[in-house]
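In UniProt numbering, the protein residues as written are 1 to 279. For each residue, glycine too, the CB sits at the ideal point set by N, CA and C. All values reported here derive from a predicted model rather than from experimental measurement.
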């Protein structure tokens with residue numbers, strides 16, 4: 001179904017599908033195309049309203065009877081790593097960061113396949129071939145970077161792969177107010193290194209050095225074990241009720257919602273704030 005505003009992008013709604021985060025529920029997404037000369041401006045504006053990018057599409061959960069998925073971001077200026085996170089940074093000091101243009105490589109795809117086969121073998125991306133992977137990386141109408149993390153040999157006994165081994169990859173959008181982690185994956189053989197958490201910690205440092213106030217992490221879902229780790233970052237904000245607010249105690253947020261508390265799609269679209277596009 002299509003929904004639109006005058007002189008604005010058109011919005012669509014997907015058909016309900018099984019929710020990947022909460023068993024027994026169905027997910028539905030509100031989305032719009034990301035293209036043309038206003039793509040970066042639209043990506044910036046909608047990211048601040050809980051949308052995420054996937055290739056040339058911006059989407060936000062818009063489920064019929066659930067509001068559990070909430071966009072999450074870290075306030076860089078207020079972030080302080082926990083003792084566990086500081087220990088993790090020290091343990092992964094042997095990793096080097098390589099900043100690249102969004103161009104897919106066979107080495108990245110091999111790592112991606114290993115990651116999916118080990119951690120998400122039954123997920124929605126499990127059947128992605130090399131061409132679909134390349135599209136995920138390269139089809140971007142906005143400023144995007146590929147950030148590789150490699151073992152430089154400083155601590156081979158911990159990373160166990162030797163020099164110049166590709167340990168992790170993150171596809172990252174550069175917004176006007178922060179960095180958005182679009183998708184990341186890592187070597188499952190290095191699971192004890194907690195590379196998913198390390199990537200987030202490193203992006204906080206990249207944002208701090210670049211003068212960017214936020215790191216966008218995607219969605220946090222109370223009650224989902226897959227998303228528990230995001231609540232462990234200090235200075236975390238969630239987009240809830242149309243505003244960004246400090247997470248506070250994770251247990252204070254419920255994944256339950258009364259169906260009548262969820263506004264119709266048309267009303268949700270009408271409240272989206274859009275940049276002033278050239279007519």
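Where residue i falls: helix, strand or coil (DSSP)
| i | result |
| --- | --- |
| residue 237 | strand |
| residue 64 | coil |
| residue 23 | coil |
| residue 212 | coil |
| residue 226 | helix |
| residue 79 | coil |
| residue 197 | helix |
| residue 191 | helix |
| residue 86 | helix |
| residue 17 | strand |
| residue 93 | coil |
| residue 49 | coil |
| residue 276 | coil |
| residue 269 | helix |
| residue 221 | coil |
| residue 263 | coil |
| residue 43 | helix |
| residue 118 | helix |
| residue 113 | helix |
Residue i to residue j span [Cα, whole Å]
| i | j | result |
| --- | --- | --- |
| residue 239 | residue 71 | 5 Å |
| residue 106 | residue 129 | 11 Å |
| residue 90 | residue 179 | 23 Å |
| residue 26 | residue 13 | 13 Å |
| residue 182 | residue 189 | 22 Å |
| residue 34 | residue 271 | 19 Å |
| residue 20 | residue 55 | 20 Å |
| residue 273 | residue 44 | 11 Å |
| residue 229 | residue 196 | 9 Å |
| residue 42 | residue 267 | 19 Å |
| residue 98 | residue 149 | 6 Å |
| residue 51 | residue 175 | 13 Å |
| residue 18 | residue 85 | 34 Å |
| residue 47 | residue 219 | 12 Å |
| residue 118 | residue 58 | 28 Å |
| residue 131 | residue 110 | 13 Å |
| residue 252 | residue 127 | 37 Å |
| residue 88 | residue 208 | 19 Å |
| residue 281 | residue 108 | What the structure shows of the chain is the stretch from 1 to 279, and residue 281 is not part of that stretch, so it cannot be assessed. |
| residue 249 | residue 166 | 36 Å |
| residue 62 | residue 241 | 13 Å |
| residue 83 | residue 191 | 19 Å |
Test item: CB-CB of residue i and residue j under 8 Å
| i | j | result |
| --- | --- | --- |
| residue 185 | residue 112 | yes |
| residue 203 | residue 215 | yes |
| residue 206 | residue 64 | no |
| residue 95 | residue 170 | no |
| residue 60 | residue 22 | no |
| residue 74 | residue 236 | yes |
| residue 11 | residue 243 | no |
| residue 68 | residue 223 | yes |
One or two residues paired with residue i in a DSSP bridge
| i | result |
| --- | --- |
| residue 171 | 146 and 183 |
| residue 166 | 150 |
| residue 178 | 214 |
| residue 133 | In the DSSP output, where bridge partners are listed per residue, residue 133 has none listed. |
| residue 99 | 147 |
| residue 32 | 11 and 58 |
| residue 74 | 215 and 236 |
| residue 140 | According to DSSP, residue 140 bridges with nothing at all. |
| residue 105 | Residue 105 pairs with nothing; no bridge assigned. |
| residue 243 | 240 |
Expected contact under 8 Å - CB spacing of residue i and residue j to nearest Å
| i | j | result |
| --- | --- | --- |
| residue 173 | residue 53 | 6 Å |
| residue 193 | residue 92 | 6 Å |
| residue 213 | residue 77 | 7 Å |
| residue 140 | residue 102 | 6 Å |
| residue 234 | residue 79 | 6 Å |
| residue 142 | residue 8 | Actually they are not in contact, since the Cβ atoms of residue 142 and residue 8 sit about 18 Å apart, beyond 8 Å. |
| residue 168 | residue 146 | Rounded, the Cβ-Cβ distance is 11 Å, inconsistent with contact. |
| residue 114 | residue 187 | 7 Å |
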